[in-house]
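Chains as they are written, first to last, in this note's numbering: chain Z, -9 to 434; chain R, -16 to 255.
1. Name the DSSP beta bridge partners of residue 33 of chain Z, please?
2. Output the distance between the C-alpha atoms of residue 126 of chain R and residue 239 of chain R, rounded to the nearest integer angstrom.
3. Under three-state DSSP, which class holds residue 440 of chain Z?
4. One question on the structure: do residue 256 of chain Z and residue 228 of chain Z come within less than 8 Å of each other, judged by their Cβ atoms?
5. Which chain Z residues sit within Cβ distance under 7 Å of residue 220 of chain R?
6. Do you know offhand how far residue 184 of chain Z's Cα is from residue -11 of chain R's?
7. Determine the direct distance from the alpha carbon of residue 396 of chain Z to that of residue 379 of chain Z, and round the result to whole angstroms.
8. Run through chain Z and tell me which residues come within less than 8 Å of residue 156 of chain R, C-beta to C-beta.
9. Alpha carbons only, please: which of Z/284, Z/300 and Z/7 is nearest the one belonging to residue 138 of chain R?
10. Quick one: what's got a C-beta closer than 6 Å to residue 159 of chain R's C-beta in the same chain, skipping five residues either side?
11. Around the C-beta of residue 248 of chain Z, are 16 or more other C-beta atoms found within 10 angstroms, so that it is buried, or is it exposed?
12. Is any heavy atom of the ligand ZN found at a distance shorter than 7 Å from the C-beta of residue 367 of chain Z?
13. Return the CA-CA distance between residue 136 of chain Z and residue 312 of chain Z, expressed in angstroms with no decimal places.
14. Who pairs with residue 78 of chain Z in a beta bridge, going by DSSP?
15. Starting from residue 13 of chain Z and walking both ways along the beta strand (DSSP E), at which residues does that stretch end?
16. If you follow the beta strand (DSSP E) that residue 171 of chain Z is in, where does it begin and where does it stop?
17. Just tell me which of R/107, R/162, R/229 and R/231 has its CA closest to the CA of residue 174 of chain R.
18. Any beta-carbon of chain Z closer than 8 Å to the one on residue -11 of chain R?
19. Using a Cβ-Cβ distance cut-off of 8 Å, determine whether residue 281 of chain Z contacts chain R.
20. Buried or exposed: residue 113 of chain Z, going by 16 or more other Cβ atoms within 10 Å of its Cβ?
21. May I ask you to list the residues that DSSP assigns as paired with residue 199 of chain Z?
22. Nearest to residue 308 of chain Z by alpha carbon, out of Z/348, Z/350, Z/60 and Z/100?
23. Quick check on residue 182 of chain R: does DSSP put it in helix, strand or coil?
24. Strictly under 8 Å for the Cβ-Cβ distance: is residue 292 of chain Z near chain R by that measure?
25. State yes or no: is the C-beta of residue 61 of chain R within less than 8 Å of the C-beta of residue -2 of chain R?
26. Short of 8 Å Cβ to Cβ, which residues in the region 361 to 380 of chain Z face chain R?
27. Along the chain, which unbroken stretches of the beta strand (DSSP E) at least 3 residues long are found entirely within the region 247 to 329 of chain Z?
28. What do you reckon, are the CB atoms on residue 176 of chain Z and residue 93 of chain Z nearer than 8 Å?
29. Using a 10 Å radius around the Cβ and a threshold of 16 neighbouring Cβ atoms, would you call residue 115 of chain Z buried or exposed?
30. Name the residue from Z/70, Z/131 and Z/214 whose alpha carbon lies nearest to the alpha carbon of residue 84 of chain Z.
31. DSSP state of residue 21 of chain Z, grouped into three classes?
32. Taking only beta-carbon atoms, is residue 170 of chain R less than 8 Å away from chain Z?
33. Using 8 Å as the threshold, is the C-beta distance between residue 155 of chain R and residue 169 of chain Z below it?
34. Nearest by alpha-carbon distance to residue 70 of chain Z: which of Z/60, Z/77 and Z/79 is it?
35. Taking the alpha-carbon of residue -13 of chain R as reference, which of R/5, R/23, R/34 and R/13 has the nearest alpha-carbon?
36. Give the range of the alpha helix (DSSP H) segment to which residue 99 of chain Z is assigned.
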């Protein structure tokens, strides 16, 4: 696990610095290629969004000079850049990537865009061959973790704008908004936005009433709706399930008696008033009627901020998921790490065995087929018995923190490092195995 | 043996009961799934229990405990239908405790109180019981829905409904659940009462029907409230507080009519 990461984000660096480091999409493939040809770096990938620039690598020895790469690439001196950089290695790098992909490191925690951006960066780097086995593993896991966070916590599920809070409230009342009618009283930017959201969620038709009739017609045309004369407001309002009201009237225009009228004509089907006017358009005593649900601008604001609090709570749960995923990932990676050692141990002993058999053959001359078989079985049996314990120990150790120590000891005891360095010269049937051996050799 | 299965079912329903209490204060997706599975398991055991009772020929249709068990089962069936239609377990908040209670009573006592066994009117009797129990189950769900409606209405009025922990379905969905079960239950209840009357009037063992019997009076009262509920809802869309008030009234009347099994003369000829 020789992951190494360097970067800056909206928390660590001001916009001016982020601007200087931002890499345009068209330059990303070249940057990736440049990165992988930098000394000490095996695989590399670049994430560049408006809020962050990050360089993620898998290095030869875990100590690549990523700062040097940044200075070189951006032609920036250390003083102007370094104070804003953060660096993570191994486990911390894994955790950081998981957090970024799950949108926990975002400016708006839970926003969905970042995952798409990371996926794109990954695809770009992969296309130029800068991402192979190690980063591949890391990122496919990161995408799975992001998905898990999204489905198991409510991070990102709650909306933050007033308009979408209004939609959510409407859904709490009506379930599906399909076929519901919306009435805009007082054409304004905010009510138009809310109406647009409601229509996007399936509302059927829109009525618009405004003191100036022409503006009502203008807005109604935008939505394919129907303009209503302001004088007809009370006689038509009951046809709407959701009323967005934002007039500049100095007094409430919807009073208790209106509410009672509406409800009687609607056979008590509920009505939802989104009152974004200041002073309010819906009177307090009308809001108390059964079946009338009126939310004023303060209520909506409060709903928005309570969402933010919920989000924080959910983010904490998400952090828990990430912590456990990092552990799992580490365990898996280190299990994989002992495999090359086991393979080279087996190879090492097999070479000894073959050499010894050849020596015996040389001394005893031609053997009968029965003798050959017996010799083969004898030597193999001894090797397998001797190997059994070290291999089991390696496999168990892989799941624990002592893995590296045990691997180290085994390598030193059998002098595997030297052997492995010679490995590529040996004829091997399996290409992948020789790759693994080479990796063992270059490690440390 | 059937009692054993019933007790297994009771154990499963207990999970539902716990869910009902927990769901009032907090929401857990996992827990509602567990409760749902437990309820399904409970229904399987329950069904086995009822089937065995039926096949063994030991079933005494007019035994209070057998019928309590049947009523609990029918209520669960209703609950599951609603789950299938609306994907919500929240009516369980009301249904589970009642089902648990009914099953509990049916499962503890081996000596059921015998109601009159009208051998000559067995067909009518079975029809009467099945119809009226379906009516009861529907009424129970409708009652539950109207309580949930009140709860959700309160939350919306108190502007608390935007919180993430919102286990209740949308207001109109709850309303539909309540209204539909009300509409469905009414004909069953009516036919149930009619068949009951037929049994009572024509049964040779009774002779004279005492229409002032508490059981009959309460049943008629319950039916009347039921009718008022359907009418006000259909005519002027009563819902929320007023509907909940009526539903509670009908439910209490139904409970009283049920409890009357224990002291009414009409349903107790077998033992007297």
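Where is the CB? At the ideal position from N, CA and C, for every residue including glycine.
Here's the rundown:
1. Z/48
2. 15 Å
3. The requested residue 440 of chain Z is not part of the displayed model; chain Z covers only -9 to 434.
4. yes
5. 257, 258 and 259
6. 54 Å
7. 13 Å
8. 165
9. Z/284
10. none
11. buried
12. With respect to small molecules bound, the structure shown includes none, and the ligand ZN cannot be examined in it.
13. 9 Å
14. Z/-5
15. Residue 13 of chain Z -> no beta strand (DSSP E), and no H or E assigned at all.
16. 171 to 175
17. R/107
18. no
19. yes
20. exposed
21. Z/175 and Z/218
22. Z/100
23. helix
24. yes
25. no
26. none
27. 261 to 265 and 282 to 286
28. no
29. buried
30. Z/131
31. helix
32. no
33. no
34. Z/60
35. R/34
36. It is not in any alpha helix (DSSP H) - residue 99 of chain Z carries neither H nor E in the DSSP assignment.
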